[in-house]
Structure formats: structure tokens, C-alpha cells
Amino acid sequence: MKASVIISDVNSQGMLIASVYSTVTQDLPCQDFEILLPINNEINFEDLQLLRAIQSEHSNLHLIDSTGSNRSQAINTACKLAKGDILLFTESHCLAPRNWIRKFVEQFKDKKIKLSLGTTISVASASPVSIAESKQQKQSTDNSIKLGLDKSYFDFHNCAIRKDSFWELNGLNEEIPIFAEFDFGARAVDQGRSIKKSNGTVLHFNDTSLARHSLIISAQGENKMKLYLQKDEKYIRRYFPMPKLIRFKRILVPFRRSIELALIFLKNVWIIGFVLTVILNMPSAQVSFFRQFAIASHRLGTIKALSKTQPRKRK
Numbered sequence: 147m148k149a150s151v152i153i154s155d156v157n158s159q160g161m162l163i164a165s166v167y168s169t170v171t172q173d174l175p176c177q178d179f180e181i182l183l184p185i186n187n188e189i190n191f192e193d194l195q196l197l198r199a200i201q202s203e204h205s206n207l208h209l210i211d212s213t214g215s216n217r218s219q220a221i222n223t224a225c226k227l228a229k230g231d232i233l234l235f236t237e238s239h240c241l242a243p244r245n246w247i248r249k250f251v252e253q254f255k256d257k258k259i260k261l262s263l264g265t266t267i268s269v270a271s272a273s274p275v276s277i278a279e280s281k282q283q284k285q286s287t288d289n290s291i292k293l294g295l296d297k298s299y300f301d302f303h304n305c306a307i308r309k310d311s312f313w314e315l316n317g318l319n320e321e322i323p324i325f326a327e328f329d330f331g332a333r334a335v336d337q338g339r340s341i342k343k344s345n346g347t348v349l350h351f352n353d354t355s356l357a358r359h360s361l362i363i364s365a366q367g368e369n370k371m372k373l374y375l376q377k378d379e380k381y382i383r384r385y386f387p388m389p390k391l392i393r394f395k396r397i398l399v400p401f402r403r404s405i406e407l408a409l410i411f412l413k414n415v416w417i418i419g420f421v422l423t424v425i426l427n428m429p430s431a432q433v434s435f436f437r438q439f440a441i442a443s444h445r446l447g448t449i450k451a452l453s454k455t456q457p458r459k460r461k
């Protein structure tokens, strides 16, 4: 059984080369797996030269030109080129242990398994932003488990799927590149598939900034609202609860600009509060202010999407 690893280059945080090297040096014969890395304009010249040097020693590393493609389009293209029976996904700020691929390959010998999700261990840098984000992410994960949303959770930091199953589900939604894998997992479960657990782990390096985190969270909010406008309310309520936005969607649109300005103001207030708690060394308060900052950023994205996309007629 051949495996194809697709590395999504998102916010690599200087980890791209280490991430690629951790996947090409797995404890399997090189003919049993391949690594596919979509290349875009964000990769600097130095990293590109290092990647080509690694490729000269590891012929199973394939660099794919994805200039002009969004994240979903680049991953879909990589999956079309993949020769493996199973597709493994990780991201460019993650490190995989040497037995990572083998664990998925062993698990997928069970023909009943179609999708699998491994464990992602967050490793934060010493920056207050990274520490707060890691803690806030844990709170969000715990909340998702309480709501029963973990059964459809599918994350490209550490997961695998049979190639035929990937295309049976029509691949990734290319209109929501920052939210595509979460929608993919929900569609899989909605169509009767289950996401199994793998005992494989990857290390997820977290060294972000407030500005970068705000951009990512805002884009997720925008993608999430686009998804809502594509899907019926039952699907959204089940997998991506947004009750307030669903209820007040029509009321919000005419006041979009005013709401955007209010959210920008609130976001800056939470940033000031976060900085003050860092100065005053108040760790618990840091997480609280960071969470409110993230919520404001997310809502800002959803409001922007409301004015850009027209809802489809629902049957």
C-alpha cells in the first residue's frame, strides 16, 4: 500500500524545511511513500533552494507549482497527482516522528477504515501570544467535545483518508480554502462515514503574532459564513453552530459597515487589554482577553462575508 503525503504550506513560521525533512526521512522504503508540496509565492528563495537540495537526495519529494491557486485548489491538484492508495495530510509548521506514515499505513490495512485523525501536540514558543493561543485552542477543543462536534472534526495537521473516498466526497470545497477540511469532515460524517482515531502524533509549532492570528481567524469566519450561505440550516446547525448569525442574518446586512467598525474598535480594545495583562503578568486574564480578541476577529470575517455572497435558494 503506497502512501502520499500532502503538506499544506500555511503559516510555516520558519518550520517548512524541518517539516519537509521530517516526512522524507520516514522509516519506510522511499518507494512506499511520496511527499507532495504545493509551492506558492510565499516560499522565499532560500527555502526553495533548500527544498531543491532535499529533492536531489529524495526522489519521492515532489514540488508542485501552485502559483495563483488558493489552498483548497492546490491541495486538490496535489491529490489528483498523488499515486498513493491513502492520502496523508500535515502542515508546514508540524513535525512528524519517523513512524508517522507507517502507523497510518498499518491502520488502513483494515479495509473498513476510510478516514482517520491523529493527535496534534501543540508546542508554543515563549511569546505570550503563542501561549495564549495554545490555551485558547484547548478551551475551544474541550467545548467542541461537550457539544458533540468532535465526531466530525477533521484537521489537516495530522490525518489520512483513502484516495477513492476523498474523490467520492468531491475533494475540498475550493470556495472556502481556510475552512475546507472542517467542511470535508462534516460532509463525510453527514454521508455516513466515520472518522477513526489514529495513535500517530505530530508536533504543532505555535509561534504566531496578533496580526497573523487575526487574519487567519477572520478568514475562517468569512469562510464559515460562505459555507452557511451554500448549505441548508440543518447542516450548519448540526456541524457548525452559528445560532445568533442565523437568527439575525437579514437584520445584520443593512448595518454591515457600522458593525464592522464596532468590531474593529472592540478588537483593538481587547488587544490593549491583552498587552496590559502581559505587562502586569496576569496569565489567566491574558487568555480571556485573547479569546475576546479572537471572537471579534472571527465575527468581523463573518460580517464581511454576508455582504459579498448571496445565499442560494433552499429547497
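What the sequence shown shows, in the numbering used here, is residues 147 to 461, in sequence order.
Glycine included, C-beta positions come from ideal geometry on N, C-alpha and C.
| Asked | Found |
| --- | --- |
| Can you say whether D155 is buried or exposed, counting buried as having 16 or more other CB atoms within 10 angstroms of its CB? | buried |
| Using alpha carbons as the reference points, say which of Q219, F435, P175, I418 lies closest to A149. | P175 |
| Answer with buried or exposed for L318, where buried requires no fewer than 16 other C-beta atoms within 10 angstroms of its C-beta. | buried |
| Taking C-beta to C-beta, are I277 and F179 nearer than 7 Å? | no |
| Could you check whether the Cβ of Q282 sits closer than 6 Å to any heavy atom belonging to the ligand COA? | The ligand COA is not part of this structure, which contains no ligands at all. |
| Anyone know if the C-beta pair for L409 and A365 falls short of 7 Å? | no |
| Is the CB of S311 under 7 Å away from at least one CB in chain B? | Absent here is chain B; the protein component of the structure consists of one chain. |
| Output needed for I200: all residues of its chain with C-beta closer than 7 Å, excluding positions within five of it in sequence on either side, in chain order. | V166, Y167, V170, L207 |
| Tell me whether Q282 is buried or exposed, calling it buried when 16 or more other Cβ atoms sit within 10 Å of its Cβ. | buried |
| If you follow the beta strand (DSSP E) that N352 is part of, which residue opens it and which one closes it? | 341–352 |
| If you run the structure through DSSP and keep just helix, strand and coil, what is R402? | helix |
| Within 10 angstroms of its Cβ, does A103 collect 16 or more other Cβ (buried), or is it exposed? | As displayed, the chain neither begins before 147 nor continues past 461, which places residue 103 out of reach and without an answer. |
| Determine whether the beta carbon atoms of A306 and F250 lie at a separation below 7 Å. | yes |
| What is the DSSP secondary structure of R308, counted as helix, strand or coil? | strand |
| How many angstroms separate the CA atom of G294 from the CA atom of K309? | 27 Å |
| Taking 7 Å as the threshold (C-beta atoms), are S212 and N190 in contact? | no |
| Quick check: N369 and I322, are their CB atoms within less than 7 Å of each other? | yes |
| For a minimum of 3 consecutive residues, which ranges assigned as the beta strand (DSSP E) are wholly contained in the segment 162–247? | 179–185, 207–211, 232–237 |
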